[in-house]
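Asker:
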Amino acid sequence: MKTKTQRILIDTSGGVQVIDITRQVQKLLAESDLKEGLATIFVPGSTATVTTIEYEPGLVADITKALDRIAPRDGHYEHDQRWHDGNGHSHVRASFLKPSVTIPFSNNALMLGTWQQLVFIELDVRPRNRTIVVQLMGD
Amino acid sequence: MKTKTQRILIDTSGGVQVIDITRQVQKLLAESDLKEGLATIFVPGSTATVTTIEYEPGLVADITKALDRIAPRDGHYEHDQRWHDGNGHSHVRASFLKPSVTIPFSNNALMLGTWQQLVFIELDVRPRNRTIVVQLMGD
Amino acid sequence: MKTKTQRILIDTSGGVQVIDITRQVQKLLAESDLKEGLATIFVPGSTATVTTIEYEPGLVADITKALDRIAPRDGHYEHDQRWHDGNGHSHVRASFLKPSVTIPFSNNALMLGTWQQLVFIELDVRPRNRTIVVQLMGD
Numbered sequence: 001m002k003t004k005t006q007r008i009l010i011d012t013s014g015g016v017q018v019i020d021i022t023r024q025v026q027k028l029l030a031e032s033d034l035k036e037g038l039a040t041i042f043v044p045g046s047t048a049t050v051t052t053i054e055y056e057p058g059l060v061a062d063i064t065k066a067l068d069r070i071a072p073r074d075g076h077y078e079h080d081q082r083w084h085d086g087n088g089h090s091h092v093r094a095s096f097l098k099p100s101v102t103i104p105f106s107n108n109a110l111m112l113g114t115w116q117q118l119v120f121i122e123l124d125v126r127p128r129n130r131t132i133v134v135q136l137m138g139d
Numbered sequence: 140m141k142t143k144t145q146r147i148l149i150d151t152s153g154g155v156q157v158i159d160i161t162r163q164v165q166k167l168l169a170e171s172d173l174k175e176g177l178a179t180i181f182v183p184g185s186t187a188t189v190t191t192i193e194y195e196p197g198l199v200a201d202i203t204k205a206l207d208r209i210a211p212r213d214g215h216y217e218h219d220q221r222w223h224d225g226n227g228h229s230h231v232r233a234s235f236l237k238p239s240v241t242i243p244f245s246n247n248a249l250m251l252g253t254w255q256q257l258v259f260i261e262l263d264v265r266p267r268n269r270t271i272v273v274q275l276m277g278d
Numbered sequence: 279m280k281t282k283t284q285r286i287l288i289d290t291s292g293g294v295q296v297i298d299i300t301r302q303v304q305k306l307l308a309e310s311d312l313k314e315g316l317a318t319i320f321v322p323g324s325t326a327t328v329t330t331i332e333y334e335p336g337l338v339a340d341i342t343k344a345l346d347r348i349a350p351r352d353g354h355y356e357h358d359q360r361w362h363d364g365n366g367h368s369h370v371r372a373s374f375l376k377p378s379v380t381i382p383f384s385n386n387a388l389m390l391g392t393w394q395q396l397v398f399i400e401l402d403v404r405p406r407n408r409t410i411v412v413q414l415m416g417d
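Protein chains in written order, with my numbering: chain A, 1 to 139; chain D, 140 to 278; chain X, 279 to 417.
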């Protein structure tokens, strides 16, 4: 068994932005010689997350709206009182949604469903240069 | 170290349905020759999830009710406007709760607490034939 | 590749309590001879969770407040009707936030962002003696 730790770089526009990274992660998997194992996709940072979704514009809008239910953008945050970043809601959302997602792979392919894509979600309020860690473990 | 990727098949009734799969996963672990490692339980699909819970009828009812707070069944969803599946809320809930859960094992047993069961949660509105991926990695 | 499964013990005060465990996990990693791999931090129990957060008092307060939006402490819970623990909301929160977080490591260091700490969150209403499982897998 081997571990391969790689990075994907993306520039985001800020606000809630849902970005399909399925192909990029599958490409890294294809380039590895690993057939069966576990892919961990991890965001080093505290205002973004990764998850899976049926990637279509309707659901992207629905997710954006539902995030406002968990931590409203217009709410009061102690973090903003102290740091004046205006992203207290981004931090709360990211802590609840967590920084990683784990997806088994088999036959050198992510075991995603037909209508299931892997997405990075930018939760911060301003554009960011993001690094996403993709760790493949298996043989 | 080895990786064993297996599947559990279950038929669900739709709606919010919480199903205890602890025994089935523990059985797969017992049948493997792996003593120490990581179990990843993953749902290929975008309208279901897996997590842990103290499995008793009261909490199952409480979870069902609380899911309606994150993404109300009676809410308006763009997904439903486009696809008319009536499961926009199912998708939002599944994306927030994510498709996998990771549980370490030791001495050939999942390291769950005494009152902690592993559950699959059907979030879709209609009955489904579900495949759950159970990947055991360790030695 | 090797698997090392260890435990951290902490005494909590109950209520929502957010505890930074980054140093303790990094210390276990430093003591291991593992350079590259995956750290899984797991809570055996159904009323606590682990995640990452920018650990500062403002956000700790914001998280505490936002948890009340997912499952209000003052709400009605079937679990409490049956078991009279008064922690139905703790269970719901823990099931939604899940019992584990997975963080890749490289060069014998967790790949966390600069402003990202690993935290244990006590969600139960009373003080607890908690065991947290830290499983390091890699080489």
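Quick reminder that beta carbons are idealized off the backbone N, C-alpha and C, glycines included.
1. For the segment 292-323 of chain X, enumerate the residues whose C-beta is nearer than 8 Å to any C-beta of chain A, in chain order.
2. Of the residues Ile53/A, Ala71/A, Ile21/A, Leu136/A, which one's Cα is nearest the Cα of Asp124/A?
3. Below 8 Å, can you find three or more Cβ-Cβ pairs linking the segment 2-9 of chain A to the segment 354-362 of chain X?
4. Measure the beta-carbon distance from Ser185/D to Gly113/A and round it to whole angstroms, keeping in mind my assumption that it falls under 8 Å.
5. Check whether the segment 26-35 of chain A touches the segment 87-107 of chain A, counting contact only when three or more Cβ pairs, one atom from each stretch, lie closer than 8 Å.
6. Look at the Cβ atom of Ile271/D, then the Cβ atom of Val182/D, and state whether they are nearer than 8 Å.
7. Given a limit of 7 Å on CB to CB distance, which residues of the segment 319-350 of chain X reach chain D?
8. When you compare each of Ser291/X, Ile399/X, Thr318/X, Gly292/X to Thr281/X by their alpha carbons, which one comes out closest?
9. Tell me whether Ile399/X sits in a helix, a strand or coil according to DSSP, three-state version.
10. Which residues, in order along the segment 391-409 of chain X, keep a beta-carbon less than 7 Å from a beta-carbon of chain A?
11. At a CB distance below 7 Å, what residues from the segment 365-378 of chain X approach chain D? Give them in sequence order.
12. To the nearest angstrom, how far is it from the Cα of Thr64/A to the Cα of Ile341/X?
13. Going by the DSSP bridge assignment, what does Gln135/A pair with across the sheet?
14. Would Thr22/A and Val101/A qualify as a contact pair, given that the criterion is a beta-carbon distance under 8 Å?
15. Give me, in chain order, the residues of the same chain whose beta-carbon lies closer than 7 Å to that of Thr327/X; leave out the 5 immediate sequence neighbours on both sides.
16. Assuming Leu307/X and Leu396/X are in contact, meaning their beta carbons sit under 8 Å apart, how far apart are those beta carbons, in whole angstroms?
17. Between the alpha carbons of Trp393/X and Tyr333/X, how many angstroms are there, rounded?
18. Taking CB distances under 8 Å as the criterion, tell me whether Thr241/D reaches chain X.
19. Kindly identify the DSSP beta-bridge partner or partners of Pro129/A.
20. Which residues share a DSSP beta bridge with Asp159/D?
21. Mind pulling the chain A residues with CB within less than 8 Å of Gly416/X?
22. In chain X, what lies closer than 9 Å to Gln6/A by C-beta?
23. Please state if the CB of Gly153/D and the CB of Arg265/D are separated by a distance shorter than 8 Å.
24. Work out the CA separation of Trp361/X and Arg406/X for me, nearest whole Å.
25. Do Val231/D and Ile66/A count as a contact pair if the criterion is CB distance below 8 Å?
26. Name, going along the chain, the residues of the segment 72-85 of chain A whose beta-carbon falls closer than 9 Å to a beta-carbon of chain X.
27. Give the secondary structure of Ser95/A by DSSP, where H, G and I count as helix, E and B as strand, and everything else as coil.
28. Under the rule that 16 or more other beta-carbon atoms within 10 Å means buried, what is Gln135/A, buried or exposed?
Answerer: Well, looking at it:
1. Glu314, Gly315, Leu316
2. Position 124 of the first sequence, counted from the start, is the residue given in the question as residue 124/A. The residue with the shortest Cα to Cα distance from Asp124/A is Ala71/A.
3. no
4. By 1-based counting over the second sequence, the position of residue 185/D is 46. By 1-based counting over the first sequence, the position of residue 113/A is 113. With 8 Å as the limit, Ser185/D and Gly113/A qualify as a contact, their Cβ atoms being about 6 Å apart.
5. yes
6. Stepping through the second sequence from its first residue, residue 271/D is reached at position 132. Stepping through the second sequence from its first residue, residue 182/D is reached at position 43. Yes.
7. Phe320, Pro322, Gly323, Ser324, Ile348, Ala349
8. Stepping through the third sequence from its first residue, residue 281/X is reached at position 3. Among Ser291/X, Ile399/X, Thr318/X, Gly292/X, the Cα nearest to that of Thr281/X belongs to Thr318/X.
9. Translated into the one-based positions of the third sequence, residue 399/X becomes position 121. Ile399/X falls in the strand class under three-state DSSP.
10. Gly391, Trp393, Gln394
11. Gly366, His369, Val370, Ser373, Phe374, Lys376, Pro377, Ser378
12. Against the first sequence, residue 64/A aligns to sequence position 64. Against the third sequence, residue 341/X aligns to sequence position 63. Approximately 19 Å between the Cα atoms of the pair.
13. To locate residue 135/A, count along the first sequence from 1; it is residue 135. In DSSP, Gln135/A forms a bridge with Thr5/A, Thr40/A.
14. Here residue 22/A refers to the residue found at position 22 of the first sequence. Here residue 101/A refers to the residue found at position 101 of the first sequence. Not a contact, by the Cβ cut-off of 8 Å.
15. By one-based count along the third sequence, residue 327/X stands at place 49. Hits under 7 Å: Val321, Ala372, Leu375, Lys376, Pro377, Ile399, Leu401.
16. One-based indexing of the third sequence puts residue 307/X at position 29. One-based indexing of the third sequence puts residue 396/X at position 118. Going by Cβ atoms, the distance from Leu307/X to Leu396/X rounds to 11 Å, so no, they are not a contact pair.
17. One-based indexing of the third sequence puts residue 393/X at position 115. One-based indexing of the third sequence puts residue 333/X at position 55. Cα to Cα, Trp393/X sits roughly 8 Å from Tyr333/X.
18. Counting from 1 along the second sequence, the entry for residue 241/D is found at position 102. Judged by the 8 Å Cβ criterion, Thr241/D is in contact with chain X.
19. Indexing the first sequence from 1 puts residue 129/A at position 129. The displayed chain sequence assigns Asn, not Pro, to residue 129/A. Asn129/A is bridged to Asp11/A.
20. The count along the second sequence starts at 1 and reaches residue 159/D at position 20. Asp159/D pairs with Val258/D.
21. Sequence index remark: in the third sequence, residue 416/X carries index 138 (1-based). The answer, in chain order, is Thr3, Met137.
22. In the first sequence, residue 6/A corresponds to position 6, counting from 1. Going along chain X, no residue has its Cβ under 9 Å from Gln6/A, so there is no contact; the nearest lies around 10 Å.
23. Position 126 of the second sequence, counting from 1, holds the residue named residue 265/D. Position 14 of the second sequence, counting from 1, holds the residue named residue 153/D. Yes; because the gap between Cβ atoms is below 8 Å, this pair is in contact.
24. Here residue 406/X refers to the residue found at position 128 of the third sequence. Here residue 361/X refers to the residue found at position 83 of the third sequence. Going by the C-alpha atoms only, they are around 18 Å apart.
25. Within the first sequence, the letter at position 66 stands for residue 66/A. Within the second sequence, the letter at position 92 stands for residue 231/D. In the sequence under discussion, the amino acid at residue 66/A is Ala, which differs from the Ile named in the question. Yes; because the gap between Cβ atoms is below 8 Å, this pair is in contact.
26. Pro72, Gly75, His76, Tyr77, Glu78, His79, Asp80, Gln81, Arg82, Trp83
27. Residue 95/A sits at position 95 when you count from the first residue of the first sequence. DSSP places Ser95/A in helix when its eight states are reduced to three.
28. By 1-based counting over the first sequence, the position of residue 135/A is 135. Gln135/A is buried by the Cβ-count criterion.
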